[in-house]
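Participant: Pasting a structure below so you can have a look.
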Amino acid sequence: MPRILFALVSAILVGTSARAADPPRPNVLFVIADDLNCDLGCYGHKVVKSPNIDRLAAGGVRFDRAYVQYTVCNPSRSSFLTGLRPTTTRVLDNATHVRKTLPDVVTLPELFRKNGYEAVGLGKVFHRGLSPDDTKKEMDDPKSFDRVFYGMTTAAGNKGTGRNLTGGALEWCRWLAADGADNEQADGQLADEAVRILGEKRDKPLFLTVGFYRPHDPFQSPKKYFDLYDNATFELPKSPAGYKPPSALSLGGGAFKNAFDKFTDTERREFLHAYYAGVSFADAQVGQLLDALDKNKLAENTIVVFIGDHGYELGVRNWWNKNTLFERSCRTPLIVRVPGAKGNGKPTAAMAEFIDLYPTLADVCGLAGVPQQLEGTSFRKVLDDPTAKHKAAALTVVKRAAVMGRSVRTDQYRYTEWDGGKKGAELYDHAADPGEWVNLADRKELEATRGELSALIQRTEAGTR
Numbered sequence: 001m002p003r004i005l006f007a008l009v010s011a012i013l014v015g016t017s018a019r020a021a022d023p024p025r026p027n028v029l030f031v032i033a034d035d036l037n038c039d040l041g042c043y044g045h046k047v048v049k050s051p052n053i054d055r056l057a058a059g060g061v062r063f064d065r066a067y068v069q070y071t072v073c074n075p076s077r078s079s080f081l082t083g084l085r086p087t088t089t090r091v092l093d094n095a096t097h098v099r100k101t102l103p104d105v106v107t108l109p110e111l112f113r114k115n116g117y118e119a120v121g122l123g124k125v126f127h128r129g130l131s132p133d134d135t136k137k138e139m140d141d142p143k144s145f146d147r148v149f150y151g152m153t154t155a156a157g158n159k160g161t162g163r164n165l166t167g168g169a170l171e172w173c174r175w176l177a178a179d180g181a182d183n184e185q186a187d188g189q190l191a192d193e194a195v196r197i198l199g200e201k202r203d204k205p206l207f208l209t210v211g212f213y214r215p216h217d218p219f220q221s222p223k224k225y226f227d228l229y230d231n232a233t234f235e236l237p238k239s240p241a242g243y244k245p246p247s248a249l250s251l252g253g254g255a256f257k258n259a260f261d262k263f264t265d266t267e268r269r270e271f272l273h274a275y276y277a278g279v280s281f282a283d284a285q286v287g288q289l290l291d292a293l294d295k296n297k298l299a300e301n302t303i304v305v306f307i308g309d310h311g312y313e314l315g316v317r318n319w320w321n322k323n324t325l326f327e328r329s330c331r332t333p334l335i336v337r338v339p340g341a342k343g344n345g346k347p348t349a350a351m352a353e354f355i356d357l358y359p360t361l362a363d364v365c366g367l368a369g370v371p372q373q374l375e376g377t378s379f380r381k382v383l384d385d386p387t388a389k390h391k392a393a394a395l396t397v398v399k400r401a402a403v404m405g406r407s408v409r410t411d412q413y414r415y416t417e418w419d420g421g422k423k424g425a426e427l428y429d430h431a432a433d434p435g436e437w438v439n440l441a442d443r444k445e446l447e448a449t450r451g452e453l454s455a456l457i458q459r460t461e462a463g464t465r
């Protein structure tokens with residue numbers, strides 16, 4: 001009997017020791033900046049001041065060819081938060097909740113909850129508004145988070161100097177160099193709350209998503225971020241002489257185009273100024289989060305992901321918005337820092353899609369119960385070897401009324417079809433024309449290339465590459 005008791009106690013002690021030796025599960029800090037394109041210092045921009053995002057890139061893996069699956073907020077977020085393409089989620093506008101089309105879908109934060117994490121959502125994670133009377137609570141997702149905080153604006157934060165750049169024709173197209181401190185704006189409040197949460201003592205790992213509202217319109221940031229720039233020195237975007245968009249579908253039209261066509265260089269400079277100020281404001285809040293990780297000794301066990309939810313044209317082709325299938329809207333910042341990853345501190349040219357984020361985080365964190373129908377693939381290997389290949393192509397879609405546009409990006413080409421080519425096609429050779437100014441779709445000598453890329457669109461969407 002004593003021998004049996006000794007063996008039992010020994011087994012318990014060995015099991016306890018083994019569990020104690022297991023490394024703690026990593027926390028995840030997932031940061032989203034709204035409407036942020038790749039105009040950042042770490043991506044080579046010479047004007048924008050983004051020292052904190054640059055700091056993160058210097059310690060993580062910077063993806064130079066990462067592409068969203070839709071170039072508007074809600075469809076993009078619904079896609080990367082479910083790991084499914086927009087044609088699968090059927091969320092193709094800013095009004096449709098993903099639970100309406102896929103009521104039982106397991107979102108990325110929900111999967112972390114199911115694996116014993118505390119999932120916290122701060123700010124704009126799923127699509128929502130930014131004023132006390134535009135909270136869009138119908139876009140919330142209670143299944144995804146244990147708790148949420150939105151950091152809405154305050155009266156003090158709405159005072160300052162600014163104007164509407166369209167004389168009121170477009171309500172959103174306005175800027176404000178706001179009086180007051182960072183935390184009198186929503187993003188400052190979000191950063192404060194995130195810092196507080198990172199300082200909490202906890203008995204379970206944390207999945208913290210922080211969705212900053214800037215640089216999205218209305219372009220409202222504390223004045224000190226406007227003061228970082230002199231817009232008289234900005235180089236304004238210009239199109240080649242005689243350039244015309246290849247199709248009426250290539251850019252949006254209507255009231256937006258009418259307003260943008262009336263812009264003078266004054267409006268263009270002010271727009272750039274306000275957008276850059278918003279980038280620097282968001283960057284400062286990212287800095288607070290990184291500092292909090294260091295202060296609380298969490299950096300060595302916290303995976304950090306930083307993204308924009310899609311790109312932004314920012315005046316290229318005189319389009320001061322998103323929602324196109326050009327590179328500026330489709331290509332988006334992606335920085336991933338995994339403690340101990342061998343690729344940290346290096347950039348990668350590996351092609352990645354945002355639907356890959358879900359399976360990658362599930363892979364790195366060893367999550368159970370990962371949905372089988374995910375349409376992305378893990379790029380974990382790239383985090384250890386940034387020279388590794390990941391994908392041959394990335395697919396982005398947008399819908400214009402009843403017309404669907406699909407655009408595939410490969411190493412050399414971007415090929416876009418409107419209604420399967422019935423409403424037009426665009427082919428750009430990035431080796432010779434990175435600005436996508438010369439449409440080669442009608443070139444006889446490229447017929448075979450166009451056919452191959454058209455077939456690639458179909459295979460990619462069907463998941464049969």
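Sequential numbering of the sequence shown, starting at 1, is according to this note's numbering.
For each residue, glycine too, the CB sits at the ideal point set by N, CA and C.
Tell me where the beta strand (DSSP E) around ALA394 begins and ends.
Facilitator: Residues 394–400.
Participant: Need the endpoints of the beta strand (DSSP E) that PHE306 sits in, please.
Facilitator: Segment 302–308, the beta strand (DSSP E) holding PHE306.
Participant: Is the segment 48–61 close to the segment 327–345, with three or more CB pairs under 8 Å?
Facilitator: Yes, the segment 48–61 touches the segment 327–345.
Participant: Just reading off the alpha helix (DSSP H) that GLN189 is part of, what are its end residues?
Facilitator: Its alpha helix (DSSP H) spans residues 186–198.
Participant: Would you mind reading off the limits of the beta strand (DSSP E) that contains LEU206?
Facilitator: Note, LEU206: beta strand (DSSP E), 206–215.
Participant: If I follow the unbroken alpha helix (DSSP H) through PHE226, where does it start and stop?
Facilitator: Looking at the DSSP string, the run of the alpha helix (DSSP H) that includes PHE226 is 223–226.
Participant: Who are the Cβ neighbours of THR460 in its own chain at under 7 Å, not counting the five residues just before and after it?
Facilitator: Around THR460: ALA393, LEU395 and VAL408.
Participant: Kindly indicate the opening and closing residues of the beta strand (DSSP E) around SER407.
Facilitator: Unbroken beta strand (DSSP E) run through SER407: 403–409.
Participant: Should the segment 252–264 be regarded as contacting the segment 290–310, the criterion being three or more beta carbon pairs within less than 8 Å?
Facilitator: Counting Cβ pairs under 8 Å, fewer than three are found: no touch.
Participant: Look at the alpha carbon of SER250 and the alpha carbon of ILE197, and state the distance between them as a whole number of angstroms.
Facilitator: C-alpha separation (whole angstroms): 43 Å.
Participant: Taking all protein chains shown into account, decide if VAL98 is buried (16 or more other Cβ within 10 angstroms of its Cβ) or exposed.
Facilitator: With 16 or more other Cβ atoms within 10 Å, it is buried.
Participant: Is the segment 219–236 in contact with the segment 275–292, if contact means three or more CB pairs nearer than 8 Å?
Facilitator: Yes, the segment 219–236 touches the segment 275–292.
Participant: Just the C-alpha distance for VAL72 and LYS159, rounded to the nearest angstrom, thanks.
Facilitator: Their backbone Cα atoms lie some 29 Å apart in a straight line.
Participant: For the pair the segment 119–129 and the segment 198–215, tell me if three or more CB-CB distances fall below 8 Å.
Facilitator: The segment 119–129, when compared against the segment 198–215, does touch it at the 8 Å Cβ threshold.
Participant: Tell me which same chain residues have a C-beta within less than 7 Å of the C-beta of ASP133, skipping the five on either side of it?
Facilitator: Caution is warranted here: a pLDDT of 43 is assigned to ASP133, below 50, making its placement in the model unreliable, and the coordinate value is therefore given only provisionally. Result list for ASP133: empty, nothing under 7 Å.
Participant: Using DSSP bridges, identify the partner residues of GLN220.
Facilitator: Looking at the DSSP assignment, GLN220 forms a beta bridge with LEU176.
Participant: Classify ARG202 as buried or exposed, calling it buried when 16 or more other Cβ atoms lie within 10 Å of its own Cβ.
Facilitator: Burial call: exposed.
Participant: With DSSP as the reference, label LEU470 as helix, strand or coil.
Facilitator: With the chain covering only 1 through 465, there is no way to say anything about residue 470.
Participant: Could you work out which residue in ARG268, GLY168, TYR213 and ARG317 is closest to ALA241 when comparing CA atoms only?
Facilitator: Nearest option by C-alpha distance: ARG317.
Participant: To the nearest angstrom, report how far apart GLU267 and LYS297 are at their CA atoms.
Facilitator: Straight-line Cα distance between these residues: approximately 45 Å.
Participant: For LYS389, does the count of other Cβ atoms within 10 angstroms reach 16, so buried, or fall short, so exposed?
Facilitator: By the neighbour-count rule (16 or more Cβ atoms within 10 Å), LYS389 is not buried but exposed.
Participant: ALA352 bridges to which residues according to DSSP?
Facilitator: According to DSSP, which records beta bridges pairwise, ALA352 is partnered with ALA66.
Participant: Could you please give the first and the last residue of the uninterrupted beta strand (DSSP E) stretch that includes VAL336?
Facilitator: Counting along the chain, the beta strand (DSSP E) containing VAL336 begins and ends at 334–337.
Participant: For LEU450 and VAL403, I'd like the C-alpha separation in whole angstroms.
Facilitator: Here residue 450 turns out to be Arg, not Leu, going by the sequence shown. Roughly 20 Å separates the two Cα atoms.
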